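Heads up: the sequence shown at position 117 corresponds to 153 in our numbering, and the numbers run straight through without jumps. Reviewing the structure listed below.
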Amino acid sequence: MKKIPLHYQILIALIVGTFLGFLFNPGEITLADLSLTASRSETGYQVIEKYAGDQQKEYEFKDRNELVANYPELAKLFAMGELEKPVTVEVNQRSIHIVDSVKKVTLTYTRSIDQKMVVTSYSASSGEELVKKYPQWETDYFLFGTGLSQKVMVISKWLGDLFLRLLKMVTIPLIVTSLITGIASLGNATRFGAMFSKTLLYYLFTSLLAISTGILVVNLIRPGIGAELPGGSGVLSSGRESVGSIFLDMIDRLIPTNIIHSLGAGEFLSIISFSMLAGIFIILVGGKHAKVLTDFFQAGFEVMMRMTMFVISLAPIGVTAFMIYAVSSQGIEIFKTLGWYMITVSLALLIHAVVILPCLLKFVAGRSPLQFAHAMSPALMTAFSTASSNGTLPLTMTCVEENAKVSNEVSSFVLPLGATINMDGTALYEAVAVLFIAQAYTGVVMPLPDQILVAVTALLASIGAAGIPHAGLVMMAIVLQAVGLPLEAQGVIIAVDRVLDMCRTSVNVWSDSCGCAIIERYRGPAASSNST
């Protein structure tokens with residue numbers, strides 16, 4: 037019986053995982069309206085929840101911080117000082133969405149206060165800890181958060197994470213051996229310099245194109261005008277992070293003080309810079325020592341590729357598990373709230389992925405975009421499901437070399453470098469998200485000088501972003517600080533970040549792959565032809 041090709045296996049896994057995810061998606065759970073009455077008590081503060089039918093519950097809190105942590109909607113009551121008398125707040129259109137992901141339980145609470153939708157997330161390491169920290173959710177959690185849907189989420193998340201751990205296990209050894217082997221096989225430092233400069237030029241050019249596309253689309257659609265985000269309204273101010281400080285921090289991370297620590301901590305910028313230097317100095321040393329080291333790292337690379345092929349054979353299982361978790365854990369209603377924002381990000385990513393990069397493939401690399409996309413489809417679908425470009429790197433290298441017929445000399449150098457510093461999708465996403473937040477926060481379109489600052493900061497931040505799920509959110513804080521926007525404005529867009537993370541990771545991997553095709557064509561006649 038003929039074996040089904042890997043890209044079809046992964047496609048089937050995507051479809052099956054999506055179907056099962058929808059099947060086990062608990063959705064938004066509607067709760068009854070209530071009124072909250074807050075007052076001072078002898079021991080601190082008292083809150084009374086009143087429901088229809090004269091039902092009520094009472095909770096005691098020792099101080100204001102504990103009260104506000106449990107009931108953020110009561111924070112505004114303290115704006116003018118302490119509570120002098122009991123105050124009642126009406127809370128309507130209430131719903132919750134509970135996600136259980138092995139070591140983290142998140143309860144997302146959506147409600148209407150003063151005709152404005154407010155979203156708050158409560159998280160803990162387990163359901164028991166959640167109800168202990170937030171006792172008002174005890175009944176609802178044990179009623180809605182311990183069913184079959186949550187058990188499916190836990191199992192699928194565990195299986196998906198196990199597959200991702202296997203991919204990450206081989207990633208760093210593969211990067212080190214492939215980079216050193218690729219550079220050492222060039223034979224002289226001049227050819228390394230030529231390949232490095234072409235690769236860096238391509239990465240900078242495509243990242244700037246991606247950011248420009250995102251800025252253009254967000255200015256045309258203006259998804260943030262009229263939107264409500266946490267943090268209120270205000271004006272832009274100078275941030276704490278300057279472009280210069282971000283650049284200097286990136287340079288610092290290029291030079292490891294302890295490469296063993298960097299290998300253990302997964303500091304990819306440090307690992308790549310050390311591996312590149314090691315490859316260069318193997319060339320400079322030359323002679324029998326260079327041959328011994330080149331053979332050693334070549335042997336290591338062959339072993340890691342064989343191990344990688346074993347891990348890749350498990351991809352359909354991992355992809356199915358990831359898709360079940362991703363679809364089952366996303367609430368549908370939040371997508372309505374952030375619909376225009378998601379459309380803006382998706383449209384910008386789509387333009388970059390199906391217009392700009394294919395044009396570069398066709399007219400610069402001289403390749404058929406459709407054929408190249410077909411060759412890269414297993415890696416692209418795996419990147420989509422795992423949302424990790426670093427985790428997908430072993431499969432990306434395999435697809436580029438075996439399916440797209442790019443030489444190992446090029447792929448072993450371009451792809452590890454690209455998985456760390458070429459984040460087209462992430463850079464585009466950060467620019468769009470920050471401009472969306474600025475529009476929602478100020479009610480106007482951000483001035484051009486600030487947009488340029490966002491573009492430059494997003495480019496630098498994307499270079500330092502880790503190729504792991506949600507890394508873009510971490511780096512977005514730097515961009516927000518650069519233009520003085522509130523970090524808490526990230527809160528509501530986190531709800532849809534997983535889906536957008538999957539999309540932008542696929543664009544990251546697609547851009548790296550296209551870079552391989554372009555560098556392969558222009559690597560020069562003197563390059564060796566040790567294609568695998």
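Even glycine gets a Cβ: it sits at the ideal position worked out from N, Cα and C. All values derive from a computational prediction rather than experimental measurement.
Taking a cut-off of 8 Å on C-beta distances, the stretch 395 to 409 does not touch the stretch 485 to 492, as fewer than three cross pairs fall below it. According to the DSSP secondary-structure assignment, S131 is paired through a beta bridge with T66 and T146. I291 counts as exposed, since fewer than 16 other C-beta atoms from the protein chains shown sit within 10 angstroms of its C-beta.
E64 sits away from T175, with the two beta carbons spaced by 9 Å or more. Beyond the five residues adjoining it in sequence on each side, A463 comes within less than 7 Å, by CB distance, of S243, A246, I247, A494, L495 and S498 in the same chain, given in chain order. T217 places its beta carbon 9 Å or farther from that of F358. A Cβ-Cβ distance of about 4 Å is found for the pair H43 and S413, placing them in contact under the 8 Å criterion. Under the Cβ criterion (8 Å, minimum of three pairs), the stretch 62 to 82 counts as touching the stretch 123 to 138. Taking 9 Å as the cut-off, the Cβ atoms of S424 and T541 count as close. Taken atom to atom, the span from the alpha-carbon of G479 to that of G260 is near 8 Å. Separation of the CB atoms of G354 and L200 is rounded to 7 Å, and the pair is thereby assigned contact status at 8 Å. Taking a C-beta distance under 9 Å as the contact criterion, V212 and M343 do not qualify as a contact pair. Excluding its 5 nearest sequence neighbours in each direction, A362 has C-beta neighbours in its own chain below 6 Å: R534, listed in chain order. Residue environment: L222 is assigned as buried (16 or more neighbouring CB atoms within 10 Å of its CB, all protein chains considered). For Q186, no beta strand (DSSP E) run applies; the uninterrupted alpha helix (DSSP H) run containing it begins and ends at L184 to A220, by DSSP. Taking 4 residues as the shortest admissible run, the stretch 397 to 431 contains the following complete alpha helix (DSSP H) segments, listed from N- to C-terminal end: 405 to 422.
Inclusion of I316 and F228 in the CB contact set at 9 Å is warranted, their separation being smaller than that value.
The C-beta distance from P62 to S185 rounds to 4 Å, short enough to fall under 8 Å. Comparing alpha carbon positions, the residue from A467, S421 and G402 closest to K193 is S421.
Where E96 is concerned, the enclosing beta strand (DSSP E) starts and stops at Q92 to F97. Annotated as distal: V436 and S311, with beta-carbon spacing of 9 Å or more. For V390, the closest alpha carbon among the candidates T54, G454 and A409 is that of A409. Here the C-alpha atom of S404 lies approximately 59 Å from the C-alpha atom of Q172. In the DSSP annotation of this structure, A160 is not part of any alpha helix (DSSP H); the continuous beta strand (DSSP E) holding it starts and ends at K152 to A160. Rounded to whole angstroms, the separation of the alpha carbons of F346 and G336 is 16 Å.
Across the structure, Y558 and A225 are spaced so that their CA atoms are roughly 17 Å apart. Note: D136 is bridge-paired with V141 in the DSSP secondary-structure output. Within the model, the alpha-carbon separation for P352 versus M341 is close to 19 Å. CA-to-CA, the gap between M378 and K152 works out to about 21 Å. The Cβ atoms of W376 and I257 lie closer than 9 Å to each other.
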